[in-house]
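Undergrad: The sequence shown begins at 2 in this note's numbering and counts up one residue at a time.
Glycine included, every Cβ here is placed at the ideal spot set by N, Cα and C.
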Amino acid sequence: MSRSLTALSLTAFILSAGLALAQDTAQEPAETTPDAPAAGTTADAPADNAPSLDMGQPVQTGPALGQRYVKETYGDWNLACIKTEAEVDPCSMVQVLLDGTNNPVAEVSLFRLEGAQAVAGATVIVPLETFLPGQLTIAVDGGSAKRYNYQFCNQVGCIAQIGLTQADVDAFKAGNAASLRIIPAPAPDQPITLTMSLTGFTAGYDVVDVVRNQ
């Protein structure tokens, strides 16, 4: 509302000013010899006090291209998407795992798979100073654990790209929490166990993107 009023007011001001100028010009007697322009100026030069109008710039109303944003939340899981130029942005289920003092330690990003032996895939990011030969261990509600290898490390952290079977997904859907155990390189005899909540997992899993194996 305020922008519309401002624009209309500015338009009305310009129109009224132009109308007044036209009326003043009509009332003045015609002169046979126009005044010569002042030295150093031209007849077409704008007045020094001419208003400078700000034409404005587009306002960014959503995530920038390439930025990750949260589209939906399901319990303790976020449906996180990457802004692209495509009609539909790719999304995955994301949960940040905290330590006992609520500091972020690891991140789990999960998506469904089609045309592969695994029905789902997950990327787990852990701190750089992780003892890689110790592997990543995951167990649901204190049940049987599985171990997964780390693939590589970069400036973000060390990454494990794991495949989940239908039995793994069913356990996640039925469980309350999964424990992820990582081993710190400075203290390999003191493993760290992180809790991954499974609240909202089923609802998020049912809507997360399906990645087709080429």
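(1) Closer than 9 Å, CB to CB, is residue 183 near chain D or not?
(2) For residue 216, which residues of its own chain have a beta-carbon under 6 Å away from its beta-carbon, when the five flanking residues on both sides are left out?
(3) In three-state DSSP terms, what is residue 210?
(4) Report the option in 170, 94, 111 and 72 whose CA atom is closest to the CA atom of residue 239.
(5) How about residue 143 and residue 183: are their beta carbons less than 9 Å apart?
(6) Would you mind stating whether residue 66 and residue 73 have Cβ atoms separated by less than 9 Å?
(7) Can residue 159 and residue 189 be called in contact, C-beta distance under 9 Å?
(8) Check each candidate in 156, 95, 87 and 194 and name the one with the smallest Cα separation from residue 140.
(9) Classify residue 172 as helix, strand or coil using the three-state DSSP reduction.
(10) Over what stretch of residues does the beta strand (DSSP E) that includes residue 120 continue unbroken?
(11) Can you tell me the Cα-Cα spacing of residue 209 and residue 87, whole angstroms?
(12) Helix, strand or coil for residue 25, going by three-state DSSP, please let me know.
(13) Residue 137 and residue 217 - do their beta-carbons sit closer together than 9 Å?
(14) Determine the direct distance from the alpha carbon of residue 126 to that of residue 157, and round the result to whole angstroms.
(15) With distances taken between CB atoms, is the gap from residue 75 to residue 202 smaller than 9 Å?
(16) Locate the beta strand (DSSP E) running through residue 137, then write down its first and last residues.
(17) What did DSSP end up calling residue 96 once you bin it into helix, strand or coil?
(18) Under the three-state reduction of DSSP, which class applies to residue 201: helix, strand or coil?
(19) Between which residues of its own chain and residue 89 is the CB-CB distance below 6 Å, once the five residues before and five after are set aside?
(20) Leaving out the 5 sequence neighbours to the left and right, which residues in its chain are closer than 7 Å to residue 166 when beta-carbon positions are compared?
(21) Take residue 26 and list the residues in its own chain whose beta-carbon comes closer than 7 Å to its own, dropping the five residues that flank it on each side.
(22) Taking residue 95 as the reference, which of 101, 84 and 78 has the closest Cα?
(23) Use the C-beta contact count for residue 168: other C-beta atoms within 10 angstroms, 16 or more gives buried, fewer gives exposed.
TA: Let me lay it out:
(1) In the structure shown, chain D cannot be found, because there is only a single protein chain.
(2) In the structure as shown, the chain starts at 2 and stops at 215, and residue 216 therefore has no counterpart that could be examined.
(3) Here DSSP, grouped into helix, strand and coil, assigns residue 210 to coil.
(4) Here the chain covers residues 2 to 215 and nothing more, so residue 239 does not appear.
(5) Not closer than 9 Å, so no.
(6) Going by C-beta atoms, residue 66 is not nearer than 9 Å to residue 73.
(7) Cβ distance not < 9 Å, so residue 159 and residue 189 don't count as in contact.
(8) If you compare the alpha carbons of 156, 95, 87 and 194 with that of residue 140, the shortest gap goes to 194.
(9) Helix.
(10) Unbroken run through residue 120: none, as it is neither H nor E.
(11) Looking at the backbone, the Cα of residue 209 and that of residue 87 are separated by about 17 Å.
(12) Because residue 25 carries a pLDDT of 41, less than 50, the predicted location of this residue cannot be relied on, and no value is offered for it.
(13) Absent from the model: residue 217. The displayed extent of the chain is 2 to 215, so no value can be given.
(14) Rounded to whole angstroms, the separation of the alpha carbons of residue 126 and residue 157 is 8 Å.
(15) Yes, these two residues count as a Cβ contact at 9 Å.
(16) 137-141 is the span of the beta strand (DSSP E), which, as asked, contains residue 137.
(17) DSSP places residue 96 within a strand segment (E or B) once states are collapsed to three.
(18) Residue 201 falls in the coil class under three-state DSSP.
(19) Same-chain partners within the cutoff: there are none.
(20) For residue 166, where only same-chain residues beyond five positions count, the Cβ hits under 7 Å are 119 and 120.
(21) Since pLDDT at residue 26 reaches only 38, below the 50 mark, its modelled position is unreliable, and no value is offered.
(22) Proximity to residue 95 across 101, 84 and 78 peaks at 78, based on C-alpha coordinates.
(23) The residue is exposed, with fewer than 16 neighbouring Cβ atoms inside 10 Å.
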